[in-house]
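Visitor: Residue numbers (my numbering): 16 to 169.
For each residue, glycine too, the CB sits at the ideal point set by N, CA and C.
Because the structure is a prediction, the values reported are computed rather than measured.
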């Protein structure tokens with residue numbers, strides 16, 4: 016959320032003079048829960064690179080702690096819904112693309128990066144694998160450091 020608040024209006028698509036007023040946020044939350052999601056007009060890189068990456072972080076937050084694929088997938092879906100409706104819902108209408116692309120792209124990218132982190136850590140991480148893991152699968156690095164988890168057969 017901080018990144019979006021600090022980003023230029025061309026990326027966030029928020030009119031900062033209006034969006035953070037209490038009455039405007041209250042009205043937006045009412046609309047969020049009473050009208051259907053909309054098709055947003057965010058940049059391609061935001062919708063189809065940033066959202067799957069964020070979804071993969073949600074996915075790997077669970078997967079890197081030993082959760083099964085289905086549990087991690089459900090976690091990514093629930094985190095995406097929470098973000099769209101609870102956090103961002105007071106600022107803008109939930110987006111159809113975000114509700115679909117974030118969890119689905121996140122599941123695919125998340126499982127790929129989970130398996131990559133396990134494969135890289137099989138014989139211990141060298142310096143460039145540590146950097147790659149921090150960029151591609153930060154949840155793995157946060158949850159496991161740079162050691163192979165006990166559940167690594169997953």
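Suppose contacts are defined by Cβ-Cβ distances below 8 Å. Is residue 161 in contact with residue 75 by that definition?
Guide: As a working mapping, residue 161 is identified with position 146 in the chain shown. As a working mapping, residue 75 is identified with position 60 in the chain shown. Cβ distance not < 8 Å, so residue 161 and residue 75 don't count as in contact.
Visitor: From what residue to what residue does the alpha helix (DSSP H) around residue 113 run?
Guide: What you label residue 113 is simply residue 98 of the chain shown in a count that begins at 1. Its alpha helix (DSSP H) spans residues 111-136.
Visitor: Let's see if you can read the secondary structure: which residues bound the alpha helix (DSSP H) around residue 67?
Guide: Against the chain shown, residue 67 aligns to sequence position 52. Residues 66-78.
Visitor: Relative to the C-alpha of residue 85, which residue among 116, 121, 97 is closest?
Guide: In the chain shown, residue 85 corresponds to position 70, counting from 1. Closest option to residue 85, Cα to Cα, is 121.
Visitor: Less than 8 Å between C-beta atoms, sequence neighbours within five positions excluded: which residues of the same chain meet that for residue 140?
Guide: Along the chain shown, one-based indexing puts residue 140 at 125. Excluding sequence neighbours, residue 140 sits near 148, 161.
Visitor: Starting from residue 143, trace the alpha helix (DSSP H) both ways and give me its first and last residue.
Guide: Looking up residue 143 in the chain shown gives position 128. Looking at the DSSP string, the run of the alpha helix (DSSP H) that includes residue 143 is 142-151.
Visitor: What does the alpha-carbon distance come out to for the pair residue 138 and residue 144?
Guide: Taking the first residue of the chain shown as 1, we reach residue 138 at position 123. Taking the first residue of the chain shown as 1, we reach residue 144 at position 129. Near 11 Å, if we compare the C-alpha coordinates of residue 144 and residue 138.
Visitor: On the CB-based measure, 16 or more other CB atoms within 10 Å of its CB, does residue 78 come out buried or exposed?
Guide: Here residue 78 corresponds to residue number 63 of the chain shown, with the count starting at 1. Buried, because 16 or more other Cβ atoms sit within 10 Å of the Cβ of residue 78.
Visitor: Give the straight-line distance between the Cα atoms of residue 62 and residue 54, rounded to the nearest whole angstrom.
Guide: Within the chain shown, the letter at position 47 stands for residue 62. Within the chain shown, the letter at position 39 stands for residue 54. Between residue 62 and residue 54, the C-alpha separation is close to 11 Å.
Visitor: Hey, how far is the Cα of residue 111 from the Cα of residue 81?
Guide: Residue 111 sits at position 96 when you count from the first residue of the chain shown. Residue 81 sits at position 66 when you count from the first residue of the chain shown. Answer to the nearest angstrom: the Cα atoms are 30 Å apart.
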